[in-house]
Amino acid sequence: MPEHHALLAELNEAQRAAVAAPLAATLVLAGAGSGKTRVLTHRAAWLITEHGVSPQGLLAVTFTNKAAAEMRGRIETLLDLPGSSLWVGTFHGIAHRLLRRHWREAALPQQFQILDDDDQQRLVRKLIREQNLDEQRWVPREVQGFINREKDEGRRPKHLQDRGDPTRRELIRLYDLYQKRCDVLGVVDFAELLLRCLEMIRDQPPLADFYRRRFRHVLVDEFQDTNGVQYDWVRLLCGSEGLPFVVGDDDQSIYRWRGARVENMQRFRKDFGASTFKLEQNYRSTSVILGAANHVIRLNDDRLGKELWTAAKGGEPIRLYSAFNERDEADFVLERIREHARSGLPLSAAAILYRSNAQSRAFEEALMAARIPYRVYGGLRFFERAEIKDALAYLRLCGNRNDDVSFERVVNLPTRGIGQSTLEHIRSESRSLGLPLWESAMRVRPSLPARAAGALGGFLALIEKMAATMEGKDLPEQVRIGIEDSGLREHHAREKDSKGEARVENLDELVNAADGFAPEGEEDLPPLASFLAHATLESGETQAADGRDSVQLMTLHSAKGLEFPTVFMVGLEEGLFPSERSVFDPEKLPEERRLCYVGITRAMQRLYLSHAESRRMYGRTDYRAPSRFVGELPPELIEEVRPRLSVARPLYDPDSGSSRRASFAGSRPAATPARPVVRPQKGEDVPYRLGARVRHVKFGEGVVIRYEGNGENQQVQVNFERGGQKWLMCAYAKLEAV
DNA sequence: AGGTCCGCTATTTTT
DNA sequence: TAGCGGACCT
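In terms of the numbering used here, the first sequence opens at residue 1042 and continues consecutively.
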């Protein structure tokens, strides 16, 4: 009993109710900063201590490796069970583990390997080319998207109908070809891990029976992010006896575009007759920040309904800065960061959050110039770097000669005289006989011109020899062999530019990574195969933390789940955030708003918002109106920060047709969705103000909503009453002010 | 085989 | 603006 008291004692009432909920399907609606991980981990501990559930009877699933590691650590601490054999992992990690364990039942080769996003795209592209399809029409990325979307919803080609649509018919055919090819090659993509695992268990009652009996308690984090297959997988594992406990927040659903289905929360309630608990007390932010967050998110319909509150009162107002351009915006942020540093806060207490990665640049430049350390999240991760993937391709080929993706990747890297025509021979052989490239290469080699035959033979022999040399060696040594004997290391060492140096360092780092790698899981997989799977499934950090205290830069998406004492939400402009592609789509806009909610709720003490009136991006200057989200905030919580010197600046005044002097003071009421005033820079002329009514000879009357560029290239976008939105060249379209 | 030039494109991202 | 892929040249 004392354990229970201890477990429940540190919780608030709502948390306690959820943790100690009866043994039945349970949904916890957990607001941002309300202690959801805490509830999940305590529930796990509660089940074990109070209900005598064996740690092996528990399955805890998350989306990211980081979340999984954290959850495992916290459960182990609660139970004082370090290094326990708890099944805590990501959906993909657990599916992978099950497939390794039951590779025969899954009809996979024992040495099956995992394709990451990039590998998958290459394979799709290869297939499209083989089919002599036009890559402009059949964009590999889009075909890949189609395949993954269908897989994410559990659909195989045989389930799909073309409905008389020839495009769709072709996509279905490509999906079919793609999957057959994967099966021949013994490779599995991310979506396949999940779907294959689902089908395996579903179609083999003894397996389903076994795992249902074993995992009576399935705990799922971030349930709003589950896709169709993940939902079905949870349902399958639970059967009618299982007791799922899932936690999520519909207001933080920001991944619909990649297959997440918020509806799964509702569905879960219905399918399982789950009881619902709400966690609404927030321990993170000031009441000012929560007030703003609540106010914004209330504008969305179809919420499950939840309102955050905090015991803390007051807080600093939210500060809004209207920047002149993106550099001014960066300077503003920089100054605030300096202030905070001066007041003794660590740099890592501040985060700059933006909608799209391209926005990081201005901040990086400003921080760099000011010599303030910063860290940018996102971008290529360690195991995704080209040189690392090349090295891994050699290693994969040593383990599985059928891996065509790897074969193509390194067959002529470093260059060894295997040209396009040789490769075409191999490919056409492979195509006509349906064989992997490796085997096709062996078959066509004798019929090739002597030189090509020699080069190809050299490659085939190299791989065989590398594989033989690796035999019996330990993992780091095997990796070292892969890097050295392949010639990759030397290849990069000989590169002229400094990039080669960095690549060599990365390759050496790969050996270190192998050295520090501890294979987990009881599956008797060779360490190399295990390492390769690890590399794909857990592709590592974007940037190794260099230990310096630094400002954090990341997208709003990657900030989910994190918190910072000071948050800068920047680039709050229509067309940027909400993004252009969402603005006119009533389906997408609520998700942008949720993203805004996620951003606001990252802030603990201070929240700064900013927008720029002109922004250079993609080599052009855009003038955008302040984001509607700014206008959706409660005005009384906002304090407008004026430019440092509220020096008079020329303001464009369309009525007088010339510039006049005006001060910022009082020029704009706080938090009005902003009738933007655009101030022309030197050498720019702005013919129509945003929001101005104009008439066009052909399209009639409309409103100027945006413009781009300047000089002769200047264009305006006008929303016409009849005819919708049009981009017009200012120089030609004779627009008349109304 | 390696370099160079041209044209295209450009949210959000984990596994 | 920048990064990529493809075509073309040496």
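Glycine included, every Cβ here is placed at the ideal spot set by N, Cα and C. In this text, all values refer to a predicted model and were calculated from it rather than measured experimentally.
### Task
Taking 8 Å as the threshold, find out whether the stretch 1242-1259 comes into contact with the stretch 1214-1225 through three or more Cβ pairs.
no
#### Entry: Bridge partner(s) assigned by DSSP for V1608
Start at 1 with the first residue of the first sequence, and residue 1608 comes out as number 567. Per DSSP, A1392 and L1648.
### Query
How many Å lie between S1784 and L1218 at the Cα?
Given a span of 1042 to 1779 for the chain in the structure shown, any question on residue 1784 remains unanswerable.
### Query
How is E1304 classed by DSSP in three states: helix, strand or coil?
For the purposes of this step, residue 1304 is identified with residue 263 of the first sequence, where counting begins at 1. E1304 falls in the helix class under three-state DSSP.
### Task
Figure out for me which residue from V1639, D1158 and K1311 has the closest Cα to the Cα of D1230.
Counted from its first residue, the first sequence places residue 1230 at position 189. Ranking the options by Cα distance to D1230, first place goes to D1158.
### Message
Starting from G1269, trace the alpha helix (DSSP H) in both directions and tell me its first and last residue.
### Response
The residue given as residue 1269 occupies position 228 in the first sequence. It spans G1269 to C1279 - the alpha helix (DSSP H) in which G1269 sits, taken as one unbroken run.
### Message
Below 8 Å on the Cβ atoms is my contact criterion, and I expect D1290 with Q1265 to pass it. Report the Cβ-Cβ distance as a whole number of Å.
### Response
Numbered from 1 along the first sequence, position 249 holds the residue referred to as residue 1290. Numbered from 1 along the first sequence, position 224 holds the residue referred to as residue 1265. Confirmed, about 6 Å.
### Query
DSSP on K1514, reduced to helix/strand/coil?
If you number the first sequence from 1, residue 1514 lands on position 473. Coil, per DSSP.
### Task
With DSSP collapsed to three states, give me the class of Y1219.
Working through the first sequence from its first residue, we reach residue 1219 at position 178. In this structure, Y1219 counts as helix in the three-state DSSP scheme.
### Query
Which whole-angstrom value is the C-beta distance of R1138 and L1566, which I expect to be below 8 Å?
Locating residue 1138 in the first sequence gives position 97, where the first residue counts as 1. Locating residue 1566 in the first sequence gives position 525, where the first residue counts as 1. Between L1566 and R1138 the Cβ distance is about 10 Å, and since that is not below 8 Å, they are no contact.
#### Entry: Buried or exposed by the 16-neighbour rule on C-beta atoms within 10 Å, applied to S1708
Residue 1708 sits at position 667 when you count from the first residue of the first sequence. Model confidence at S1708 stands at a pLDDT of 34, short of 50, so the residue's coordinates are unreliable; what they give is reported in the following sentence. It is exposed - the Cβ of S1708 has fewer than 16 other Cβ atoms within 10 Å.
### Message
Using a Cβ-Cβ cutoff of less than 7 Å, which residues in the same chain neighbour A1576 once the five nearest sequence positions on both sides are dropped?
### Response
Residue 1576 sits at position 535 when you count from the first residue of the first sequence. If we look at A1576 and ignore the five residues flanking it on each side, its Cβ neighbours are F1424 and L1433.
### Message
Looking at N1189: is its Cβ nearer than 8 Å to the Cβ of A1136?
### Response
Along the first sequence, one-based indexing puts residue 1189 at 148. Along the first sequence, one-based indexing puts residue 1136 at 95. Not a contact, by the Cβ cut-off of 8 Å.
#### Entry: Rounded distance between the beta-carbons of L1349 and A1059, thought under 8 Å
Here residue 1059 refers to the residue found at position 18 of the first sequence. Here residue 1349 refers to the residue found at position 308 of the first sequence. A1059 to L1349, Cβ: 16 Å. No contact.
### Query
On the three-state DSSP scale, how would you describe G1130?
Taking the first residue of the first sequence as position 1, residue 1130 is located at position 89. Three-state result, G1130: strand.
### Query
What did DSSP end up calling Y1252 once you bin it into helix, strand or coil?
The sequence position of residue 1252 within the first sequence is 211, counting from 1. Helix at Y1252.
### Extent of the continuous alpha helix (DSSP H) to which Y1362 belongs
By 1-based counting over the first sequence, the position of residue 1362 is 321. Not the alpha helix (DSSP H): Y1362 falls in the beta strand (DSSP E), residues I1359 to N1366.
### Query
From which residue to which residue does the alpha helix (DSSP H) around I1169 run?
Against the first sequence, residue 1169 aligns to sequence position 128. From DSSP, the alpha helix (DSSP H) with I1169 extends over D1158 to E1171.
### Query
Smallest Cα separation from C1439: which of K1167, T1067, V1520 and N1323?
Numbered from its first residue, the first sequence carries residue 1439 at position 398. Of the listed residues, the one whose Cα sits closest to C1439 is V1520.
### Task
Assign W1179 to one of three DSSP states: helix, strand, or coil.
By 1-based counting over the first sequence, the position of residue 1179 is 138. Reduced to three states, the DSSP call for W1179 is coil.
### Message
On the CB-based measure, 16 or more other CB atoms within 10 Å of its CB, does H1046 come out buried or exposed?
### Response
Within the first sequence, residue 1046 is the residue found at index 5, counting from 1. Label assigned to H1046: exposed.
### Message
I'd like to confirm the pairing. Which residues does DSSP put opposite S1620 in its beta bridges?
### Response
Working through the first sequence from its first residue, we reach residue 1620 at position 579. BP columns for S1620 point to G1616 and L1617.
### As assigned by DSSP and simplified to three states, the class of Q1322
Counting from one through the first sequence, the residue named residue 1322 turns up at place 281. Looking at Q1322 - three-state DSSP - the assignment turns out to be strand.
### Query
How would you label V1303, buried or exposed, when you count the other beta carbons within 10 angstroms and need 16 or more for buried?
Mapped onto the first sequence, residue 1303 falls at position 262. Buried is the call here.
### Beta carbon of D1262 nearer than 8 Å to that of V1225
On the first sequence, position 221 is the one that residue 1262 refers to. On the first sequence, position 184 is the one that residue 1225 refers to. Going by C-beta atoms, D1262 is not nearer than 8 Å to V1225.
#### Entry: For E1480, the three-state DSSP class (helix, strand or coil)
Here the question's residue 1480 lines up with position 439 in the first sequence. E1480: helix per DSSP, three-state reduction.
### Task
Give a yes or no on whether the C-beta atoms belonging to R1656 and R1665 are separated by under 8 Å.
Translated into the one-based positions of the first sequence, residue 1656 becomes position 615. Translated into the one-based positions of the first sequence, residue 1665 becomes position 624. It is a contact, given that the beta carbons lie within the stated cut-off.
#### Entry: Spatial distance of L1278 from Y1252 (CA atoms)
One-based indexing of the first sequence puts residue 1278 at position 237. One-based indexing of the first sequence puts residue 1252 at position 211. If you take the alpha carbons of L1278 and Y1252, they lie about 7 Å apart.
### Query
What's the call for W1128, buried or exposed, on a 16-neighbour Cβ count within 10 Å?
Looking up residue 1128 in the first sequence gives position 87. Buried, since its Cβ has 16 or more Cβ neighbours within 10 Å.
### Residue(s) in a DSSP beta bridge with L1594
The residue labelled residue 1594 in the question sits at position 553 within the first sequence. Answer by DSSP bridge pairing, in chain order: I1393 and V1417.
### Neighbourhood of D1696 by C-beta, 6 Å cutoff - its chain only, sequence neighbours within 5 removed
Position 655 of the first sequence holds residue 1696. Low local confidence applies: a pLDDT of 35 at D1696 is under 50, so the model's placement there is unreliable, with the coordinate-based value given in what follows. No residues qualify anywhere along the chain.
### Query
By a C-beta neighbour count over all protein chains shown, 10 Å radius and 16 as the cutoff for buried, is F1625 buried or exposed?
To locate residue 1625, count along the first sequence from 1; it is residue 584. Burial call: exposed.
#### Entry: Strand pairing of P1667, partner residues [DSSP]
Along the first sequence, read from residue 1 onward, the residue named residue 1667 stands at position 626. Answer by DSSP bridge pairing, in chain order: E1614.
### Message
By the DSSP assignment, the alpha helix (DSSP H) with I1330 in it spans what residues?
### Response
Taking the first residue of the first sequence as 1, we reach residue 1330 at position 289. Here the alpha helix (DSSP H) through I1330 covers S1328 to I1338.
### Query
When DSSP builds the beta bridges, which residues end up paired with A1774?
Translated into positions along the first sequence, residue 1774 becomes position 733. Partner(s): none; A1774 has no beta bridge.
#### Entry: Exposed unless 16 or more other CB atoms sit within 10 angstroms - verdict on A1570
Numbered from 1 along the first sequence, position 529 holds the residue referred to as residue 1570. The residue is buried, with at least 16 neighbouring Cβ atoms inside 10 Å.
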